[in-house]
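Everything below concerns the one structure shown next.
In structure tokens form, the structure reads like this:
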């Protein structure tokens, strides 16, 4: 493209690609460009008058079906979709807190695999809340670091890297830390009250992040934290299946109350970009 114009930036490349495909389907040359942790939508000039209005509609309704339909229709016929520069995906998506907790969780799991149970015992939820000392209060949250199989840790860390990384890049490390601590504590406490202290995993936080993204997308779509409807249905269906019973040891209360806490945090009036 020779003469071009940047319409604006958006934090989620997959959703922005749908808007670009929509423009291309209407005959407007457009592409995505890297812009820090976000992407910029660039269009060729002269552009039709309606393009600006279409961009504003996308910002407020990024999950509009017209964009997904445009991507499906474009298939492999459209120009190559945006990709981050080689080797930069990890750096752009995951901030220091995301990567740090990911690394610590892996190290804790490896210690358990090598037979060192002392660390797991030190990080496990306390057996009683009445005798809990201030020095041991960290154990109300640290069960999020405990995992008991490769599938368990792999599933949770993939979601943590994706959702946690996006939230950290969008709203900062301190905000991600707040969401992690609140949803982790809420999920852990609920699971303890339901089944006792024998549990662990990051899935309560994952559901908390899911709830945070879900409600943010409904209430504040310009924040760019929306999730596809298909993913929302999948996560809610998995939550229901856990309560119905599928023969797997699932921390259902941690999932449910982590989700509730994440939804509540998303609705609170924090200072945020809209």
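Residue numbers (the working numbering): 433 to 706. Where is the CB? At the ideal position from N, CA and C, for every residue including glycine. A quick note: this is a predicted structure, and the numbers were derived from the prediction, not measured.
Under the three-state reduction of DSSP, which class applies to residue 466: helix, strand or coil?
strand
Please report how far the alpha carbon of residue 582 lies from the alpha carbon of residue 457, in whole angstroms.
43 Å
Kindly list the residues whose CB is nearer than 8 Å to the CB of residue 489, restricted to its own chain and excluding five residues on each side of it in sequence; keep chain order.
496
Any chance you could list the alpha helix (DSSP H) runs of at least 4 consecutive residues sitting entirely within the stretch 524-577, in chain order?
528-545 and 550-555
Figure out for me which residue from 698, 448, 500 and 462 has the closest Cα to the Cα of residue 662.
500
Through-space distance from residue 668 to residue 675, alpha-carbon basis:
11 Å
For residue 486 and residue 493, what's the separation of their Cα atoms in angstroms?
10 Å
Assess, as a yes-or-no matter, whether the stretch 528-545 is touched by the stretch 613-623 under the definition of 3 or more beta carbon pairs within less than 8 Å.
no
So what does DSSP say about residue 475, is it helix, strand or coil?
strand
Can you tell me where the alpha helix (DSSP H) with residue 598 in it begins and where it stops?
597-603
For residue 459, which three-state DSSP category applies?
coil
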